[in-house]
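*Asks:* Note that the working numbering gives residue 405 to position 281 of the sequence shown, counting from 1, and the numbers run on in steps of one.
We put the CB at the ideal spot given by N, CA and C, even for glycine.
One structure follows; several queries about it will come next.
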Amino acid sequence: MKKEYKIVLLEGDGIGPEMTAEVARLFDFLSEKQDVKFNYKIMPFGASSFFVTGSSFPLATQQACENADAIFKGPIGLSFEDTKEIPLEERPERGALLPLRKKLQTYANFRPVLLPAELSHFSPLKKEVVGNGIDLLMIRELVGGLYFGEKKRGVDSNGKRWVTEELNYTEDQIRNIQITALQAASQRRKKLCNIHKSNVLLSSIVWNEILEETAKDFPDVEVEHMLVDAAATALSLKPGSFDVMVMENMFGDILSDQAGGILGSLGLMPSACMGKTQAYYEPSHGSAPDIAGKGIANPYSSIASIAMMLRMSFNMPREADLVQKAILSVFASGVTTPDLGAFSNKQLKQVTTREFCDQMLANLAKELS
Ligand code: IPM
Ligand code: MG
């Protein structure tokens with residue numbers, strides 16, 4: 125009997141449905157060719173869901189997510205202007221994405237920053253800086269910190285506005301993410317770069333104090349400390365010097381986007397959001413409303429997120445490697461989608477999202493046969 129898995133696909137907004145369609149094709153393909161069956165269903169989520177159901181994260185979607193073996197989440201969000209049509213609390217970031225993270229307690233966000241030879245022509249960095257390529261793993265705390273703290277605004281007696289937002293972390297939240305990162309580092313090059321801002325923030329002082337304790341259980345991992353602002357510079361100047369990086373929520377949000385920049389595009393950044401019992405996988409890029417529906421968006425970030433799912437949720441490292449290899453081979457053959465074409469310094473043949481995935485699946489078929 126084939127092993128069966130329940131997958132929930134959250135299409136999201138903008139280019140989300142196009143990305144999700146390719147993910148679904150990959151699941152169909154794997155179910156047909158491998159000894160496994162992925163039963164997926166698409167559930168409403170994000171701004172598109174709000175306009176249809178009145179909620180950006182409806183109850184039925186919440187229940188389906190709770191019962192899923194793994195979740196793929198497409199990008200969410202609308203343009204700045206269109207977002208104003210949605211009440212603040214239902215906007216996809218606040219009303220859907222953060223509640224999803226909180227509900228599933230996906231506290232560890234893995235964002236691999238990979239620039240192998242097949243992708244090197246997309247990077248804006250000089251050859252000397254990139255060296256043999258980039259292979260680092262950003263691990264971002266995803267359910268605490270400033271993004272989840274209490275937020276208040278008001279007006280003082282002089283009629284001037286004020287605002288406060290809290291940054292909260294418990295010791296257990298800090299320990300959990302640090303242990304996850306130390307484990308990841310001990311399985312890789314045994315180097316952990318701790319990102320902090322202890323020259324200003326008390327939260328970083330406590331974070332660093334706890335790291336001294338958690339690191340004791342990983343004597344094989346060398347821990348280095350770097351201020352977050354200095355890390356932003358170092359990422360651009362010597363990206364090859366990093367292996368695993370660990371950081372709190374907002375630092376990770378910002379530095380991981382910078383990482384997309386040094387690769388050439390956020391379209392080259394997959395990600396995994398891991399909890400103790402549940403996980404969801406998402407491209408790190410946004411919903412790109414300007415190119416939605418045109419079939420020109422690159423599926424790499426979504427497909428590589430599924431490779432992460434196969435590895436991390438379903439213990440299928442062989443299939444994960446083959447999917448990753450199959451999509452990199454498409455790039456290696458001198459092909460791209462138009463959205464990424466502008467970032468490359470090479471003359472590439474431009475194909476649609478669908479054609480790009482056709483080629484990926486053809487490569488995969490060869491590898492699996
Ligand atoms: C990300 C995104 C989200 C975040 C937004 C959409 C709320 O930028 O996953 O990095 O800030 O976490
Ligand atoms: Mg972000």
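How is GLN311 classed by DSSP in three states: helix, strand or coil?
*Replies:* helix
*Asks:* Starting from GLU142, follow the beta strand (DSSP E) in both directions and report where the run begins and ends.
*Replies:* No beta strand (DSSP E) holds GLU142; the alpha helix (DSSP H) holding it covers 140 to 157.
*Asks:* What residue range does the alpha helix (DSSP H) around TYR424 cover?
*Replies:* 424 to 436
*Asks:* Any idea if GLY178 is buried or exposed, counting beta-carbon neighbours within 10 angstroms, 16 or more meaning buried?
*Replies:* exposed
*Asks:* Within the structure, which residues are defined as neighbours of ligand 2 by a Cβ-heavy atom distance below 6 Å, reported in chain order?
*Replies:* ASP377 and ASP381
*Asks:* Quick check: the Cα distance between ALA192 and GLN483, rounded to an integer number of angstroms?
*Replies:* 29 Å
*Asks:* Taking Cβ positions, are LEU492 and LYS157 nearer each other than 7 Å?
*Replies:* yes
*Asks:* Check this for me: beta carbons of ALA494 and PHE234, under 7 Å apart or not?
*Replies:* Look at the range of the chain in this structure, 125 to 493, and you will see that residue 494 is not part of it.
*Asks:* Which whole-angstrom value is the C-beta distance of ILE329 and LEU359, which I expect to be below 8 Å?
*Replies:* The pair is not a contact, with the Cβ atoms about 23 Å apart (cut-off 8 Å).
*Asks:* Over what stretch of residues does the alpha helix (DSSP H) that includes ASN487 continue unbroken?
*Replies:* 477 to 492
*Asks:* Let me make sure I understand the geometry here. Which of LEU270, GLU190, MET433 and LYS276 has the alpha-carbon closest to that of GLY376?
*Replies:* LEU270
*Asks:* Measure how close the beta-carbons of THR460 and LEU472 come, nearest whole angstrom, since I'm counting them as under 8 Å.
*Replies:* 4 Å
*Asks:* Is ASN233 helix, strand or coil when you go by DSSP?
*Replies:* Of the three classes helix, strand and coil, the one that applies to ASN233 here is strand, per DSSP.
*Asks:* For the alpha helix (DSSP H) containing GLU252, list its first residue and its last residue.
*Replies:* 251 to 254
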